[in-house]
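Trainee: Chains as they are written, first to last, in the UniProt record's numbering: chain A, 1 to 204; chain B, 1 to 204; chain C, 1 to 204; chain D, 1 to 204. Even for Gly, the Cβ is constructed at its ideal location relative to N, Cα and C. First the structure, which I've put down as structure tokens, then a few questions once you've had a look.
4 protein chains.
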Amino acid sequence: MADTRTPDSTRRSERSRRAIYDAALALVGEVGYQRTTIEGIAARAGVGKQTIYRWWPSKAAVLLEAFVDLNQQAADALGETAQAIPDTGDLAADLRRVLRATVDELVDPKYDIPTRALTAEGIVDAELGSRYVDTLLRPALQLYVDRLVAAREAGHVRADVDPETALELFTGPLTHRWLLRTAPLTHAYADRLVDYALNGLAPR
Amino acid sequence: MADTRTPDSTRRSERSRRAIYDAALALVGEVGYQRTTIEGIAARAGVGKQTIYRWWPSKAAVLLEAFVDLNQQAADALGETAQAIPDTGDLAADLRRVLRATVDELVDPKYDIPTRALTAEGIVDAELGSRYVDTLLRPALQLYVDRLVAAREAGHVRADVDPETALELFTGPLTHRWLLRTAPLTHAYADRLVDYALNGLAPR
Amino acid sequence: MADTRTPDSTRRSERSRRAIYDAALALVGEVGYQRTTIEGIAARAGVGKQTIYRWWPSKAAVLLEAFVDLNQQAADALGETAQAIPDTGDLAADLRRVLRATVDELVDPKYDIPTRALTAEGIVDAELGSRYVDTLLRPALQLYVDRLVAAREAGHVRADVDPETALELFTGPLTHRWLLRTAPLTHAYADRLVDYALNGLAPR
Amino acid sequence: MADTRTPDSTRRSERSRRAIYDAALALVGEVGYQRTTIEGIAARAGVGKQTIYRWWPSKAAVLLEAFVDLNQQAADALGETAQAIPDTGDLAADLRRVLRATVDELVDPKYDIPTRALTAEGIVDAELGSRYVDTLLRPALQLYVDRLVAAREAGHVRADVDPETALELFTGPLTHRWLLRTAPLTHAYADRLVDYALNGLAPR
DNA sequence: GCGTAAACGAGACGGTACGTCTAGTCTTTTC
DNA sequence: GAAAAGACTAGACGTACCGTCTCGTTTACGC
């Protein structure tokens, strides 16, 4: 039977935790997600397999935490407001800037490969997916909500707009192209999205 | 080394092919994609493993073809034009109708589970992904292109609109919510998408 | 590396020692030797694993000491001479009596299972084997030596007989049948052994 | 669940079987029985673990068969009668010769180590023990029975002697010293055993 | 209609990784 | 400072599948 005793997290080895994060991210980057194995992570981290199984339920969960940790570190390095979408008063310009940056990130293999892996895993595994959304995706989307609310108050956006839906006009298509590879992701595409979404497809 | 001789498809057993499709779809529905194995499909189909390896390169490829076959059958049952997006002259109403139908399909577990599995696999496996897009997704998206081109000619849509980008304002957000489960998929959501995309977020 | 510091035995917990003996014997009786683990003994004794590793080099060593302790207690309960082979003047009768008693003991599962385990372990592990022989077996065999020497002095046994070898004519076959289960261990067998060994196989 | 299907022995790979025997015997000789693992045997034999698990229930069973096979080969090399105890008419001399040969064998590490391991395992595991006795030990003991019966018919042994018991006067003590290492195994000891057993301990 | 060659069902094979178990060590806290 | 508790590295366990490779057994085409 499985070990049903919950381990005592106060006695957890910080050293091992870090080594596992590092090994997991390195391996996914080097050989891809499918060929990254728990045995491989353990060996690379100089850790017993049981130490992984003790603290994580699956390979995907390890990678997710490793990613969250990475983001945390990056966020800590920057100031708090540094990650917010800028508000220059020109909504279109601000969105173009942030969408272009997102395009750049999604195109960079360093982010592309592990993020794809996590996303794909979350698509099939609902439990993991919800943790992924809550810890990584939702905070990123919230930045759009904040900016759109500000724009609405400034009268740059229709008063009846639901920001949760509105933001998906930008991130939805971008994610669609990125994940499904239906067409190349370019800055021009990002700009066009902002144009269409803000001004609509119908003639004015 | 692999058997480099190309098998003679004229001598292929139609019976086995059908049995493999059925077994693959049934197993994915019953135990999920991850726990569906080629051995399991072979056993369920009453077929030797080699018969699968002879004709398909991977589990995902089997499932993809099984899905294509399923769609083919459904399409054959309907008339040819039956799957096109209707053109009543009211673009918004036509889009609402088709998006609502899509929502209904994505919410139905019968389609949801295997489609998720295929999509997730295609996200990670580029080769499979491109076949998935070409055989299943692209034809479906083309229907939007056709309808949007017609709308553009009728002056119901801006003359400068790129239909390939424009259609993603509808399918992108829908796919986003479906795959990532960020929020429930409803008819109201579909309607709102049509409103935002056609009229834009900015005040007129 | 192992903790080379010799622990201070004066501070040793008598309570733990007893609990470990009891747990070890109980477990071997219940689940057999192979499936008795040091972890299991520690858990059952309510003792940390390190407490076992601190004082014993192996599972077999624990069991051996537990057994020695058990014998000690039994011996203390009886008088000192009580365990000697009786000397009624009739060597054959005395040997039959003691061999029959040995048969009874070897057939009793209470002794059979742990003694088998220890013996088997000692056969493979020379170090343990020698401790087993010295602490448990040798004292028992010495009783035969004593009785045979007395018989020799009384002229009931050839003057040139080496008691160390002679005693094995009794214990050797008995042990052989017991360990290898080549044939059932019975009182009749014990009697026959005494007859053959004392009188020889050759016709007189 | 375990694979309950019985494998088809007609399709068994003779090559793998031989390689497994060789690897098992080599490893036991090199690192001892306890530190010989199924993984190690598989790796050394260049064989998948499952191939071992498919055909044998345990490490001990592999070793037993390897040993039986070894004996078979040795027996096939010699003539049929070559392994019988010689009958020169001088029972004592014949027994001395065979016991001395046995001593030599038991002292040779090549036989000592794996035989010890198998014997010890058979002592604890009754099922394996009975297979060990039936396939390896019993045939060897039968040779004594045959010789003793011949001696009885020739009047060199008491008419009332049970050969099954009598033979244990020789093999029992020898096995006892060998397994328990109570004293060194020498030719002199073998000779003394023959003397005592044939002539008895009591004065004539 | 008969021979032959390819596809077939079956499943053994060498492997890899799984998730579990235990060994023996190390660390922290309690008595 | 011994002991309880238990996390740690290490690695074998037995299982599940992988993809390849024979085996006979159909099956269907060309002679």
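Chain A partners of Glu-164/B, CB-CB under 8 Å?
Mentor: Ala-183
Trainee: What first and last residue would you give for the alpha helix (DSSP H) that runs through Ser-16/D?
Mentor: 14 to 31
Trainee: Could you give the distance in angstroms between the alpha-carbon of Thr-4/C and the alpha-carbon of Arg-54/C?
Mentor: Unreliable placement is indicated for Thr-4/C, whose pLDDT of 43 sits below 50; the coordinate value is still reported in the next sentence. When rounded, the distance between both Cα atoms is 10 Å.
Trainee: Can you grab the Cα-Cα spacing for the pair Glu-168/D / Ala-197/C, in whole Å?
Mentor: If I take the Cα positions, the gap works out to 11 Å.
Trainee: Quick check: is the beta carbon of Arg-15/A nearer than 7 Å to any beta carbon in chain B?
Mentor: Residue contact check for Arg-15/A against chain B: no CB pair falls below 7 Å.
Trainee: Counting contacts by CB-CB distance shorter than 7 Å, is Arg-131/D in contact with chain C?
Mentor: No, Arg-131/D lies away from the interface with chain C (no Cβ there is under 7 Å from its Cβ).
Trainee: Please tell me whether Tyr-132/A and Leu-64/A are closer than 7 Å, where the distance is taken between their beta carbons.
Mentor: Yes.
Trainee: Over the uninterrupted alpha helix (DSSP H) stretch that includes Val-157/D, give me the two end residues.
Mentor: Careful: Val-157/D lies outside any alpha helix (DSSP H) and carries neither H nor E.
Trainee: Taking 7 Å as the limit between beta carbons, can you name the residues of its chain near Ala-2/C, skipping five residues before and five after?
Mentor: Note that Ala-2/C scores a pLDDT of 38, beneath 50, so its modelled location is shaky; the value from the coordinates is reported in the next line. Nothing listed; no residue qualifies.
Trainee: Between the C-alpha atoms of Leu-78/D and Ser-58/D, what's the straight-line distance to the nearest angstrom?
Mentor: 31 Å
Trainee: If you measure from the beta carbon of Ile-85/D to each beta carbon in chain C, is any gap under 7 Å?
Mentor: Taking 7 Å as the threshold, the shortest C-beta distance from Ile-85/D to chain C does not fall below it.
Trainee: If you follow the alpha helix (DSSP H) that Thr-182/D is part of, which residue opens it and which one closes it?
Mentor: First-last for Thr-182/D: undefined, no H or E at that position.
Trainee: Could you work out which residues of chain D lie near His-187/C, taking near to mean beta carbons separated by less than 9 Å?
Mentor: Correct list: empty, because the minimum Cβ distance to chain D is about 13 Å.
Trainee: Going by C-alpha to C-alpha distance, which of Asp-22/A, Gly-32/A, Ala-19/A and Thr-51/A sits closest to Asp-8/A?
Mentor: Thr-51/A
Trainee: Are the stretch 93 to 102 of chain C and the stretch 187 to 194 of chain C touching, with three or more C-beta to C-beta distances below 8 Å?
Mentor: yes
Trainee: At a Cβ cut of 8 Å, what residues of the stretch 168 to 183 of chain C count as close to chain D, listed as they run along the chain?
Mentor: Glu-168, Leu-169, Thr-171, Gly-172, Pro-173, Leu-174, Thr-175, His-176, Arg-177, Leu-179, Leu-180, Arg-181, Thr-182 and Ala-183
Trainee: Suppose you measure from the CA of Ala-75/B to the CA of Val-107/A; what does that come to, to the nearest Å?
Mentor: 36 Å
Trainee: Can you pull the chain C neighbours of Thr-199/D, defined as C-beta to C-beta under 7 Å?
Mentor: The displayed chain sequence assigns Asn, not Thr, to residue 199/D. Residues of chain C passing the Cβ test: Gly-200 and Ala-202.
Trainee: Just the chain D side, please: which residues come within less than 9 Å of residue 208/C by C-beta, in chain order?
Mentor: Missing from the structure shown is residue 208/C; chain C here goes from 1 to 204 and no further.
Trainee: Using the three-state DSSP reduction, which class does Gly-48/A fall into: helix, strand or coil?
Mentor: coil
Trainee: For Pro-203/C, count the other beta carbons within 10 Å of its own beta carbon; 16 or more makes it buried, fewer makes it exposed. Which is it?
Mentor: exposed
Trainee: Please go through the same chain and pick out, in chain order, the residues whose beta-carbon is closer than 7 Å to the beta-carbon of Ala-151/C, but skip the five residues on each side of it.
Mentor: Leu-91 and Val-157
Trainee: So, for Val-103/B: in the same chain, excluding its five sequence neighbours on each side, which residues have a beta-carbon less than 8 Å away from its beta-carbon?
Mentor: Leu-174, Leu-185, Thr-186, His-187, Tyr-189 and Ala-190
Trainee: For a test of the three-state rule: what should DSSP assign to Ala-197/D, helix, strand or coil?
Mentor: helix
Trainee: Output the boundary residues of the alpha helix (DSSP H) element that contains Gln-73/A.
Mentor: 59 to 77
Trainee: Identify the contact partners of Arg-97/D in chain C, using a Cβ-Cβ distance below 7 Å as the criterion.
Mentor: The premise fails here: Arg-97/D is roughly 17 Å from chain C at the closest Cβ pair, so nothing lies under 7 Å.
Trainee: Quick check: the stretch 115 to 126 of chain C against the stretch 108 to 128 of chain D, are at least 3 beta-carbon pairs closer than 8 Å?
Mentor: yes
Trainee: Can you tell me whether Pro-109/C is helix, strand or coil according to DSSP?
Mentor: helix
Trainee: Compute the Euclidean distance between the alpha carbons of Gly-48/B and Gly-129/B, then round it to the nearest angstrom.
Mentor: 27 Å
Trainee: Straight-line CA distance for Thr-36/C to Thr-36/D?
Mentor: Looking at the backbone, the Cα of Thr-36/C and that of Thr-36/D are separated by about 20 Å.
Trainee: What residues of chain B sit near Thr-119/A, judged by a beta carbon separation below 7 Å?
Mentor: By Cβ distance, chain B contributes Ile-123.
Trainee: Where do the ends of the alpha helix (DSSP H) carrying residue 289/C lie?
Mentor: Since the first residue of chain C shown is 1 and the last is 204, residue 289/C is not available in this structure.
Trainee: Return the CA-CA distance between Gln-73/A and Ala-66/A, expressed in angstroms with no decimal places.
Mentor: One C-alpha to the other measures close to 11 Å.
Trainee: Determine the extent of the alpha helix (DSSP H) in which Thr-88/D is found, giving its start and end residues.
Mentor: Unbroken run through Thr-88/D: none, as it is neither H nor E.
Trainee: Per DSSP, what kind of secondary structure is Leu-167/D in: helix, strand or coil?
Mentor: coil
Trainee: Flag Tyr-111/A as yes if its beta-carbon sits less than 7 Å from any beta-carbon of chain B, otherwise no.
Mentor: no
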